[in-house]
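Engineer: My questions will all concern the structure given below.
In our numbering, the protein residues as written are 216 to 698.
What follows is the structure in structure tokens.
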């Protein structure tokens with residue numbers, strides 16, 4: 216039975232209702248239920264439960280009532296809505312308010328201290344006390360607990376100050392290790408990443424396009440070698456994360472992949488397939504969101520709580536940071552900037568048509584060069600001039616348009632730009648984006664800081680550690696606010 220709080224002891228009748236509003240006990244947001252058209256009067260009792268007489272409900276969600284039973288409220292001709300298990304499951308999954316397991320994994324104060332240590336590099340107990348407002352004794356208890364679990368380690372004592380020498384503590388890189396699988400449109404990586412986001416071993420395969428079969432075979436063949444190189448075994452791995460574009464079967468024409476082969480991704484559950492091979496928990500995240508998470512966890516943007524992040528890969532993607540935490544959205548794809556519209560110009564009206572490396576690929580191929588060479592680490596991009604300068608100018612112009620559009624939605628403190636390119640190319644792109652932004656029409660928005668990403672081209676691979684660190688050892692204010 217669907218029920219909710221309503222004005223007590225009040226009965227009403229209505230003809231041809233179209234919607235009813237329920238205030239469920241679990242939420243302050245009213246649930247609007249659409250009623251099927253009917254010529255019969257609807258009579259319902261407004262007491263502790265809402266009794267409906269109608270045929271089908273919830274047209275907007277596709278939920279249908281399967282059975283009716285006689286109403287025992289004494290209202291003639293009234294029947295109550297009874298849901299079968301399938302309907303109940305649909306409604307439960309659609310519930311907008313979610314619980315958080317954060318506090319179950321680790322206490323809020325311990326997460327706070329760990330996060331401060333990670334942000335500042337190291338922290339003494341006195342510094343933690345000042346920063347958190349906790350008592351000196353509480354800080355000492357937290358430090359001892361974190362140290363006993365191997366999450367933090369002591370540095371050299373700081374001498375030369377009044378009183379006893381203070382000892383800073385820092386994150387222990389060996390506290391946890393994670394396996395990362397990155398599936399990209401031009402390459403696949405597998406790596407072992409430690410607790411501070413350092414890659415301890417990795418393998419990479421370049422390819423013109425990925426398929427599920429190739430990705431799975433690569434993982435199986437390289438897993439053992441990458442573990443041995445990192446001097447790890449399966450028992451010493453704490454988890455695994457996959458970073459990959461969602462809907463790999465889309466936009467195949469834009470990067471020259473056969474649509475029929477890429478369609479295999481549509482029904483391929485990579486997490487389920489990997490779970491058959493490995494004993495660890497497997498997380499899957501959109502590669503742009505994953506790169507953003509790596510930047511938020513392992514980068515440093517002190518004093519900035521809300522920022523927009525662009526990662527320039529074969530296709531451009533990115534993420535959004537709100538309240539100091541990555542905001543993935545209900546479909547885990549916030550910051551998927553590729554389809555964002557930019558002013559009409561030659562080549563298309565989407566950001567992906569201008570600020571993606573596939574655009575530079577095409578220019579290089581048109582000149583007779585090897586377009587895939589740009590994805591090789593250590594390649595000299597000076598060889599691509601003047602094509603590179605032209606691409607930077609066009610990409611920066613359209614990134615400035617995207618930043619203005621983003622600012623019209625949310626009041627960001629900064630825009631962070633990173634990508635799968637050398638650091639000198641990143642520096643040039645960020646500088647040109649700042650210049651283009653200074654020339655843009657900023658009426659109604661503000662000129663924000665445009666910063667270089669600090670994690671770099673391997674951000675999507677490093678994100679394996681970021682995913683677990685964020686979930687288990689950091690405070691996600693967006694999750695807390697929802698609860």
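Note that beta-carbon positions come from the ideal geometry of N, C-alpha and C, so glycine has one too. No experiment lies behind these values; they were computed from the predicted model shown.
Where does the unbroken beta strand (DSSP E) through residue 631 begin, and where does it stop?
Structural biologist: Residue 631 -> beta strand (DSSP E) spans 629 to 634.
Engineer: Any idea which residues DSSP pairs residue 667 with across the strands?
Structural biologist: In the DSSP output, where bridge partners are listed per residue, residue 667 has 632.
Engineer: Over what stretch of residues does the alpha helix (DSSP H) that includes residue 606 continue unbroken?
Structural biologist: That run of the alpha helix (DSSP H) goes 602 to 622.
Engineer: What does the alpha-carbon distance come out to for the pair residue 730 and residue 583?
Structural biologist: Nothing in the structure corresponds to residue 730, since the chain is present only between 216 and 698.
Engineer: Going by beta carbon distance, what residues of the same chain come within less than 6 Å of residue 679, once the five residues before and after it are set aside?
Structural biologist: These residues qualify, in order along the chain: 393, 395, 408 and 456.
Engineer: In the DSSP output, what is residue 416 paired with across the bridge?
Structural biologist: Note: residue 416 sits in a beta bridge opposite 407.
Engineer: Could you tell me the boundaries of the beta strand (DSSP E) in which residue 531 lies?
Structural biologist: Unbroken beta strand (DSSP E) run through residue 531: 531 to 537.
Engineer: By DSSP, does residue 324 sit in helix, in strand, or in coil?
Structural biologist: DSSP places residue 324 in helix when its eight states are reduced to three.
Engineer: Looking at residue 443 and residue 494, is the spacing between their C-beta atoms short of 8 Å?
Structural biologist: Cβ distance not < 8 Å, so residue 494 and residue 443 don't count as in contact.
Engineer: Does DSSP put residue 373 in a helix, a strand or coil?
Structural biologist: It is a strand residue.
Engineer: Mapping DSSP to helix, strand and coil, what is residue 329?
Structural biologist: DSSP places residue 329 in helix when its eight states are reduced to three.
Engineer: Should residue 351 be labelled buried (16 or more other beta-carbon atoms within 10 Å of its own) or exposed?
Structural biologist: Exposed: under 16 other Cβ atoms inside 10 Å.
Engineer: With DSSP run on the structure shown, which of helix, strand or coil describes residue 390?
Structural biologist: Coil.
Engineer: Which residue or residues does DSSP assign as beta-bridge partners of residue 499?
Structural biologist: The partner list for residue 499 (beta bridge, DSSP) reads 457.
Engineer: Given a cut-off of 8 Å on the beta-carbon distance, is the pair residue 209 and residue 332 in contact?
Structural biologist: Past the boundaries of the shown model lies residue 209; the chain is included only from 216 to 698, so the question cannot be answered.
Engineer: At a Cβ threshold of 8 Å, is residue 331 touching chain C?
Structural biologist: Annotation note: the requested chain C is absent from the structure, which comprises a single protein chain.
Engineer: Can you tell me where the beta strand (DSSP E) holding residue 563 begins and where it ends?
Structural biologist: Where residue 563 is concerned, the enclosing beta strand (DSSP E) stretches over 563 to 565.
Engineer: Going straight from the alpha carbon of residue 517 to that of residue 492, what length do you get?
Structural biologist: Roughly 40 Å separates the two Cα atoms.
Engineer: So what does residue 490 bridge to, in DSSP terms?
Structural biologist: According to DSSP, which records beta bridges pairwise, residue 490 is partnered with nothing at all.
Engineer: Keeping to the same chain, check which residues put their C-beta closer than 6 Å to that of residue 414; ignore five residues upstream and five downstream.
Structural biologist: Taken in chain order, the residues that qualify are 406 and 408.
Engineer: Per DSSP, what kind of secondary structure is residue 543 in: helix, strand or coil?
Structural biologist: In the structure shown, residue 543 sits in coil (DSSP, three-state: anything other than H, G, I, E or B).
Engineer: Judging by CA-CA distance, which residue of 337, 389, 471 and 446 is the nearest neighbour of residue 381?
Structural biologist: The option with the nearest alpha carbon to residue 381 is 337.
Engineer: Are there 16 or more other CB atoms within 10 angstroms of the CB of residue 625, so buried, or fewer, so exposed?
Structural biologist: Exposed: under 16 other Cβ atoms inside 10 Å.
Engineer: Anyone know if the C-beta pair for residue 506 and residue 530 falls short of 8 Å?
Structural biologist: Taking 8 Å as the Cβ cut-off, residue 506 and residue 530 do not qualify as a contacting pair.
Engineer: Does residue 595 pass the burial test, meaning 16 or more other C-beta atoms within 10 Å, or should it be called exposed?
Structural biologist: Flag for residue 595 reads exposed.
Engineer: Applying the criterion that 16 or more other CB atoms from any shown protein chain within 10 Å of the CB defines a buried residue, is residue 439 buried or exposed?
Structural biologist: Label assigned to residue 439: exposed.
Engineer: So what's residue 356 in DSSP terms, helix, strand or just coil?
Structural biologist: Reduced to three states, the DSSP call for residue 356 is helix.
Engineer: Note the first and the last residue of the continuous beta strand (DSSP E) segment covering residue 526.
Structural biologist: Where residue 526 is concerned, the enclosing beta strand (DSSP E) stretches over 522 to 527.
Engineer: Using three-state DSSP, classify residue 368 as helix, strand or coil.
Structural biologist: Residue state, collapsed to three classes: strand.
Engineer: Count the other CB atoms within 10 Å of the CB of residue 363; is the residue buried (16 or more) or exposed (fewer)?
Structural biologist: Classification for residue 363: exposed.
Engineer: Does DSSP classify residue 429 as helix, strand or coil?
Structural biologist: Helix, per DSSP.
Engineer: Would you list the one or two residues that DSSP bridges to residue 398?
Structural biologist: Looking at the DSSP assignment, residue 398 forms a beta bridge with 403.
Engineer: If you measure between the beta carbons of residue 539 and residue 399, is that distance less than 8 Å?
Structural biologist: Their beta carbons are not under 8 Å apart, which means residue 539 does not touch residue 399 by this criterion.
Engineer: Does the segment 556 to 565 come into contact with the segment 657 to 670, if we say contact requires no fewer than three beta-carbon pairs (one atom in each stretch) closer than 8 Å?
Structural biologist: Short answer: they don't touch.
Engineer: Would you kindly check if the distance between the Cβ of residue 532 and the Cβ of residue 503 is under 8 Å?
Structural biologist: Yes, these two residues count as a Cβ contact at 8 Å.
Engineer: Please report the residue range of the beta strand (DSSP E) in which residue 557 lies.
Structural biologist: Unbroken beta strand (DSSP E) run through residue 557: 556 to 560.
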